[in-house]
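Take the sequence shown: its position 168, counted from the start at 1, is 170 in my numbering, and no numbers get skipped.
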Amino acid sequence: MIPFIIALSFFMEGVDSTIINTAIPAMARSLAEDPVDLKVALISYLLSLAIFIPISGWIADKYGSKKVFISALCLFTLSSIWCGFAHDLNELVIARFVQGFGGALGLPVGRLILIRTFGRENLISTMNRVVTVGTLGPMLGPVIGGFLTTHFSWHWIFWVNIPVGLLAIGLAYFWLEDGELHAVPPLDKLGFILFGAALSGFTFGLAALSETTVNSSIAFSIILFSVILLIAYMMHSRRLLHPIVKTDLLSLRTFRVSVLGNLVSRLGFGGVPFLVPLLLQVGLGYPPELSGMLLAPIAIGVLIGKPLFLPILRIFGYKRFLITNTIFAGLSIWVFTSIDADTPIYVIAFLTWVYGFILTLQYSSMNSLAYAEILPEDLSAATSIMSTLQQLAQSCGVASSALFIRLFALIFYGNVVLTPTIFHCTFFAIGVFTLLSTFVFLQLKPEDGQQLIF
């Protein structure tokens, strides 16, 4: 029952990371905003996850994993109600940020509960089952969002969380055990401020580059300042025994490769759920429900790929598999450049299915590799780093996609005009990011991660 409870929370929070995608055009009309500007509602959620995840392990150790997990579910559910009642984009962004805080507590604490309950020897099989359900959330989010937007209104894409959240809260209350409280060091408040400000500044600056109302020099200045803050944090953290982000874990090759590989490849993957609904609805005139349904094969690809992940990995090993699959991942993004008004629906469905199949193999291999050399006492720190960078990369993927849309629109038309050509060029650009992560995986040795798969 414990894996089911964690998977249910992962699913709910995963759905909310993408459910807004197919509703963006309708939300833009309702809120009197440009569709591309709605990216901030996506980014604020993901950015909140990235900022608060590093302190989630500390909070869980201090107050108990069960109490923190249930509190996270309550906060997530209540903020979902707020999102549905938002009257303008600014209010929606704030509500989504609060919702992300709930997710930031729930996601890594859920992983810690699994790790501490089942141990390293059963980690892959247990995590694989949970992640399968959790991965379906982001894949089914656009489908659910398209259906609710077409038949009800965009407000219901948030209110649908209420029954799921209440179910997860009830099950967690009765089935989860009160975790052992741990003695924790004082929270590094300065480090938290520096790290959070660096992530916020970098993501905001990147997003601001795609805004016509923001001067590019200001956006670049914000990005530069955020880099300075990150360097300041790294210098500060080296003097501490218990920093909020334990950067010395990056000295472990498998962990470093997993982190960097996740970061670079998700810059491409992170933009796809944002771009495909915009291409189909704004570029080609598809209704929200059909747009969402054409993304459903991604979930089917995930379900088919998950059981095959471990057998394939045992044949090729982490290094060969990640290099090869990353190339296919980049190509699976590039093929979206072929979608136009004459593309049959079944072809689009096939392309999204292939993308989902390759995506689940990529995520499963990268995420499991991270724990190959991690000691038990470092599991909490490693989980926080992985979760933080995954969400940061996803938010940067959305921001960079919006930036490319603006750049290509200015190049081709002189202003921001959303045509299929603009989306095709953007798909090609973000596919390059994913292909570049191939060079990261070249750092692996053939025997790396073997203890996890045999």
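Ideal placement from N, C-alpha and C gives every residue a C-beta, glycine not left out.
Pair within 8 Å by beta-carbon distance, residue i and residue j
| i | j | result |
| --- | --- | --- |
| residue 286 | residue 234 | no |
| residue 78 | residue 167 | yes |
| residue 397 | residue 52 | yes |
| residue 139 | residue 13 | yes |
| residue 231 | residue 210 | no |
| residue 156 | residue 28 | yes |
| residue 445 | residue 255 | yes |
| residue 74 | residue 85 | no |
| residue 366 | residue 308 | yes |
| residue 251 | residue 383 | yes |
| residue 55 | residue 146 | no |
| residue 190 | residue 116 | no |
| residue 171 | residue 76 | yes |
Proximity winner among the options, relative to residue i (alpha-carbon distances)
| i | options | result |
| --- | --- | --- |
| residue 177 | 86, 453, 106 and 7 | 7 |
| residue 30 | 82, 5, 69 and 90 | 90 |
| residue 45 | 282, 294, 443 and 208 | 208 |
| residue 275 | 307, 363, 111 and 19 | 19 |
| residue 259 | 321, 217 and 206 | 321 |
| residue 11 | 112, 217, 175 and 192 | 112 |
| residue 49 | 252, 395 and 211 | 395 |
| residue 294 | 440, 142 and 237 | 142 |
| residue 71 | 179, 43, 450 and 16 | 179 |
| residue 408 | 41, 17 and 16 | 41 |
| residue 152 | 59, 288 and 17 | 288 |
| residue 162 | 96, 366 and 87 | 87 |
| residue 194 | 217, 312 and 239 | 239 |
| residue 374 | 326, 204 and 455 | 455 |
| residue 99 | 105, 56, 58 and 47 | 47 |
| residue 202 | 219, 190, 225 and 217 | 225 |
| residue 400 | 377, 269 and 341 | 269 |
| residue 136 | 372, 170 and 15 | 15 |
| residue 253 | 189, 144 and 372 | 372 |
Residue i - DSSP class collapsed to helix/strand/coil
| i | result |
| --- | --- |
| residue 320 | helix |
| residue 439 | helix |
| residue 30 | helix |
| residue 3 | coil |
| residue 244 | coil |
| residue 348 | helix |
| residue 417 | coil |
| residue 445 | coil |
| residue 309 | helix |
| residue 257 | helix |
| residue 286 | coil |
| residue 156 | coil |
| residue 457 | In the structure as shown, the chain begins at 3 and stops at 456. Residue 457 is therefore absent and cannot be evaluated. |
| residue 429 | helix |
| residue 217 | coil |
| residue 47 | helix |
| residue 238 | helix |
| residue 111 | helix |
| residue 274 | helix |
| residue 175 | helix |
| residue 374 | coil |
| residue 36 | coil |
| residue 337 | helix |
| residue 199 | helix |
| residue 18 | helix |
Neighbourhood of residue i by C-beta distance below 8 Å, restricted to the same chain and skipping five residues each side
| i | result |
| --- | --- |
| residue 131 | 5 and 9 |
| residue 299 | 351, 352, 354, 355 and 358 |
| residue 37 | 26, 27, 30, 280, 284 and 420 |
| residue 39 | 30, 91 and 213 |
| residue 459 | Nothing about residue 459 can be read from this structure; the chain reaches only from 3 to 456. |
| residue 329 | 437 and 440 |
| residue 412 | 418 |
Chain-order list of residues whose beta-carbon lies under 6 Å from that of residue i (same chain, five-residue window excluded)
| i | result |
| --- | --- |
| residue 392 | 264 |
| residue 332 | 433, 436 and 437 |
| residue 187 | 244 |
| residue 414 | none |
| residue 431 | 406 |
| residue 61 | 70 |
Contact test: residue i Cβ vs the ligand GTP heavy atom, cutoff 7 Å
| i | result |
| --- | --- |
| residue 71 | In the structure shown, the ligand GTP is absent, as is every other ligand, since no ligand is present at all. |
Residues near residue i by beta carbon distance below 7 Å, same chain, minus five either side
| i | result |
| --- | --- |
| residue 429 | 277, 335, 336, 338 and 339 |
| residue 32 | 156 |
Legend entry - At least 3 beta-carbon pairs within less than 8 Å: the segment 80-97 vs the segment 418-431: no
Inset, instruction - Mind the definition here: the segment 379-389 touches the segment 245-257 only if three or more C-beta pairs lie below 8 Å; say whether that holds. - result: Because the criterion of three Cβ pairs below 8 Å is met, the segment 379-389 and the segment 245-257 touch.
Inset, instruction - Would you check if there are 3 or more beta carbon pairs closer than 8 Å linking the segment 276-283 to the segment 421-433? - result: yes
Legend entry - Sufficient close CB pairs (3 or more, under 8 Å) joining the segment 360-380 to the segment 299-318: yes
Inset, instruction - Kindly confirm or deny that the segment 446-454 and the segment 311-330 touch, where touching means at least three C-beta pairs closer than 8 Å. - result: yes
Inset, instruction - Would you check if the segment 434-445 and the segment 330-348 touch, i.e. whether three or more CB-CB distances between them fall below 8 Å? - result: Inter-segment contact for the segment 330-348 and the segment 434-445 is present: three or more beta-carbon pairs are separated by less than 8 Å.
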